[in-house]
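Comments concern the structure below.
Protein chains: 2
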Amino acid sequence: MASITPAEAEVSEEVVKPLRADAQRNYDKLVAAAREVFAERGAEGSLDEIAKRAGVGPGTLYRHFPTRDDLIDALMRDWTDRVVADSMAAVEADVPAREKLERWFVDLVKHMTLHRGAAAKLSAAMDDPASPIYRKCQMLNDANDRVITHLIETDALRDSVEPHQVVRLVSGVATVVDQAGLDVEQARPMLRIVIDGIVRDSATS
Amino acid sequence: MASITPAEAEVSEEVVKPLRADAQRNYDKLVAAAREVFAERGAEGSLDEIAKRAGVGPGTLYRHFPTRDDLIDALMRDWTDRVVADSMAAVEADVPAREKLERWFVDLVKHMTLHRGAAAKLSAAMDDPASPIYRKCQMLNDANDRVITHLIETDALRDSVEPHQVVRLVSGVATVVDQAGLDVEQARPMLRIVIDGIVRDSATS
DNA sequence: TGACTATACGGAGACTGTCTCCGGTTAATC
DNA sequence: GATTAACCGGAGACAGTCTCCGTATAGTCA
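Same order as they appear, the protein sequences are chains Z and S.
By this note's numbering, the letter at position 70 of the first sequence is numbered 70, and the numbering carries on one by one without gaps.
By this note's numbering, the letter at position 205 of the second sequence is numbered 205, and the numbering carries on one by one without gaps.
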């Protein structure tokens with residue numbers, strides 16, 4: 001386990017006082033337990049169950065993570081890095097624009113469905129600066145921006161395309177996939193429509 | 001109040017025995033109360049609260065509506081008709097294909113967001129025949145089919161377009177609108193991308 | 001090493017919402 | 001007016017959220 005303190009590797013505005021050893025231990029156990037429970041029960045899994053599985057009292061859980069979203073935020077700590085990496089990879093890949101887009105969108109959907117209910121939470125937080133996971137959404141948004149802007153500059157997309165609308169649309173697809181219990185592969189037809197909707201009309205499939 | 005028995009005006013496979021007068025009265029009061037509570041509190045509003053507001057015991061509620069979805073199904077009884085009507089109107093409207101699509105899609109989003117959480121429920125039920133509101137989704141699907149098929153026949157859309165993918169995609173948009181608390185108008189940019197993704201490449205905006 | 005204190009723990013329990021069970025009531029029928 | 005099948009409603013079991021506060025302990029300094 002990586003033993004990560006809150007807000008470490010974060011944009012780091014406020015300096016965080018290091019946790020006491022036992023507190024750090026419990027923090028890590030809670031995040032691990034949460035990952036487990038959310039994976040099997042979805043984002044609505046019981047918080048007391050998480051505390052129990054981590055071997056701590058409910059009070060401890062709520063002290064570390066006042067709300068459910070704070071906990072979700074914590075277990076997405078490294079998730080951000082993966083999203084950014086994928087967006088870089090998409091930009092640099094040596095394939096046609098359509099292919100770049102499709103890969104990136106599929107990645108996006110995968111990331112947004114890391115557990116049941118995650119996509120919905122992310123969609124909701126995307127326009128809500130007060131949400132603890134708002135920053136995660138900004139990362140998503142920025143990553144998508146990178147890919148879309150790059151493709152606009154390559155003249156592959158209509159220049160009227162607004163990246164934010166695109167990320168919203170794809171997060172809609174992710175939500176549907178999540179809610180309806182579809183496989184990521186089944187998202188491809190929808191994603192292709194989106195792709196057709198933003199590329200310049202020339203190389204039509 | 002219309003005093004409607006379950007499954008009336010429905011595809012009517014099973015014949016339903018009429019309810020006793022008091023039962024019918026309570027049924028109607030429950031539906032009305034549910035409409036109120038869902039409207040102000042969203043699809044997760046308390047069921048006991050609905051029972052209380054209808055002036056009946058919780059037992060009565062659960063006898064009439066074993067699950068939350070059964071209740072939602074009931075209060076959407078006339079909703080179906082409006083959806084169908086809108087799809088007809090879209091087909092018959094004397095406007096360009098893009099305009100037809102945009103109107104229809106906006107209608108679709110409106111219908112799917114009749115109360116908070118509704119869009120998510122509908123998206124989830126769309127591929128789940130076991131859901132009490134599955135039939136409602138079929139209606140949605142059929143209505144969308146009507147519009148899309150008509151436009152394919154008019155040669156306005158690429159013929160590779162699959163109506164079911166389109167309705168999924170738009171329900172994704174509706175879910176985002178719902179979750180993020182957006183206005184229906186803010187869905188237009190997303191819907192236009194979808195439209196660009198399915199019309200034949202000729203009359204580009 | 002021992003004592004001190006800020007920090008953290010944990011579980012009892014208040015609260016809210018879901019859902020069931022069953023003794024009591026009432027509408028319909030003859 | 002008596003009979004009975006259908007229906008009512010609320011007490012209460014159960015599960016999840018979240019708080020409060022007495023107790024424990026890690027870190028620190030002499």
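We put the CB at the ideal spot given by N, CA and C, even for glycine.
Short Cβ contact (7 Å threshold) for residue 120/S with residue 80/S: Counting from one through the second sequence, the residue named residue 120/S turns up at place 120. Counting from one through the second sequence, the residue named residue 80/S turns up at place 80. No. Outside cutoff.
Residue 36/S versus residue 112/S: straight-line alpha-carbon distance, rounded: Along the second sequence, one-based indexing puts residue 36/S at 36. Along the second sequence, one-based indexing puts residue 112/S at 112. Computed Cα separation, rounded: 17 Å.
Whether residue 29/S touches residue 76/S by CB criterion (7 Å): As a first step, residue 29/S must be located in the second sequence, where it is residue number 29. As a first step, residue 76/S must be located in the second sequence, where it is residue number 76. No. Outside cutoff.
Spatial distance of residue 163/Z from residue 149/Z (CA atoms): For this step, residue 163/Z is matched to residue 163 along the first sequence. For this step, residue 149/Z is matched to residue 149 along the first sequence. When rounded, the distance between both Cα atoms is 7 Å.
Whether residue 143/Z touches residue 87/Z by CB criterion (7 Å): In the first sequence, the residue the question calls residue 143/Z occupies position 143. In the first sequence, the residue the question calls residue 87/Z occupies position 87. Contact: yes.
Closest Cα partner of residue 62/Z within the set 188/Z, 129/Z, 167/Z, 27/Z: For the purposes of this step, residue 62/Z is taken as the residue at position 62 of the first sequence. Closest option to residue 62/Z, judged by alpha-carbon separation, among 188/Z, 129/Z, 167/Z, 27/Z: 27/Z.
Contact between the region 52-70 of chain S and the region 128-135 of chain S (3+ Cβ pairs under 8 Å): yes
Contact with chain Z by residue 35/S, beta-carbon distance below 7 Å: Position 35 of the second sequence, counting from 1, holds the residue named residue 35/S. It does not; no Cβ of chain Z falls within 7 Å.
For residue 199/Z, three-class secondary structure by DSSP: As a working note, residue 199/Z is residue 199 in the first sequence. Three-state result, residue 199/Z: strand.
Unbroken stretches of the alpha helix (DSSP H), 4 residues or longer, contained in the region 96-127 of chain Z: Correct list: 97-112, 118-125.
Exposure label - residue 107/S; buried when at least 16 CB within 10 Å: Here residue 107/S refers to the residue found at position 107 of the second sequence. Buried, because 16 or more other Cβ atoms sit within 10 Å of the Cβ of residue 107/S.
Own chain residues within Cβ distance below 7 Å of residue 199/S, not counting five before or after: Against the second sequence, residue 199/S aligns to sequence position 199. So the qualifying residues of the chain are 97, 98, 156, 157.
Contact check, residue 193/Z vs residue 169/S, beta carbons under 7 Å: One-based indexing of the first sequence puts residue 193/Z at position 193. One-based indexing of the second sequence puts residue 169/S at position 169. Against a cut-off of 7 Å, the Cβ pair of residue 169/S and residue 193/Z comes out as a contact.
Beta carbon of residue 89/S nearer than 7 Å to that of residue 43/S: Along the second sequence, one-based indexing puts residue 89/S at 89. Along the second sequence, one-based indexing puts residue 43/S at 43. Against a cut-off of 7 Å, the Cβ pair of residue 43/S and residue 89/S comes out as no contact.
Rounded separation between residue 103/Z and residue 92/S - CA only: Reading the first sequence from its first residue, position 103 is the one you call residue 103/Z. Reading the second sequence from its first residue, position 92 is the one you call residue 92/S. Residue 103/Z and residue 92/S: Cα-Cα distance of roughly 39 Å.
Residue 59/Z to residue 45/S span [Cα, whole Å]: As a working note, residue 59/Z is residue 59 in the first sequence. As a working note, residue 45/S is residue 45 in the second sequence. Distance between the alpha carbons of residue 59/Z and residue 45/S is about 27 Å.
Contacts of residue 175/S in chain Z (Cβ-Cβ under 8 Å): As a first step, residue 175/S is located in the second sequence; it is residue number 175 there, counting from the start. Going along chain Z in sequence order, the residues near residue 175/S (Cβ under 8 Å) are 120, 123, 172, 175, 176, 179.
Candidates 70/S, 22/S, 85/S, 72/S, of which the one nearest residue 56/S by Cα: Taking the second sequence and counting its residues from 1, the one referred to as residue 56/S is at position 56. Minimum Cα distance to residue 56/S is reached at 22/S.
Buried/exposed call for residue 74/Z, threshold 16 Cβ in 10 Å: Within the first sequence, residue 74/Z is the residue found at index 74, counting from 1. Residue 74/Z is buried by the Cβ-count criterion.
Close Cβ partners of residue 70/Z (< 7 Å) along its chain, the five nearest in sequence each way excluded: In the first sequence, counting from the first residue as 1, residue 70/Z sits at position 70. Scanning its chain for C-beta atoms nearer than 7 Å, with the 5 sequence neighbours on each side dropped, one finds around residue 70/Z the residues 132, in chain order.
Close Cβ partners of residue 139/S (< 8 Å) along its chain, the five nearest in sequence each way excluded: On the second sequence, residue 139/S is found 139 positions in, with the first residue counted as 1. Excluding residues within five positions, the ones whose Cβ falls inside 8 Å are 80, 83, 84.
Cβ-based neighbour list, residue 123/Z, same chain, cut-off 6 Å, excluding 5 preceding and 5 following: Counting from one through the first sequence, the residue named residue 123/Z turns up at place 123. For residue 123/Z, where only same-chain residues beyond five positions count, the Cβ hits under 6 Å are 171, 175.
Per-residue contacts from residue 194/Z into chain S (C-beta, under 8 Å): For the purposes of this step, residue 194/Z is identified with residue 194 of the first sequence, where counting begins at 1. Within 8 Å Cβ-Cβ: 169, 193, 194, 197.
Identity of the residue in 25/S, 101/S, 40/S, 52/S nearest residue 188/S by Cα: Residue 188/S sits at position 188 when you count from the first residue of the second sequence. Checking every option, the nearest Cα to that of residue 188/S belongs to 101/S.
Min CB distance residue 189/Z to chain S below 7 Å: Along the first sequence, one-based indexing puts residue 189/Z at 189. It does: the Cβ of residue 189/Z has a partner Cβ on chain S nearer than 7 Å.
Candidates 167/S, 159/S, 72/S, 146/S, of which the one nearest residue 115/S by Cα: Numbered from its first residue, the second sequence carries residue 115/S at position 115. Closest by C-alpha distance to residue 115/S, out of 167/S, 159/S, 72/S, 146/S, is 72/S.
DSSP beta-bridge partners of residue 157/Z: By one-based count along the first sequence, residue 157/Z stands at place 157. Residue 157/Z is bridged to 199/Z.
Nearest to residue 165/S (by Cα), restricted to the options 190/Z, 41/Z, 51/Z: Residue 165/S sits at position 165 when you count from the first residue of the second sequence. Residue 165/S has its Cα closest to that of 190/Z, out of 190/Z, 41/Z, 51/Z.
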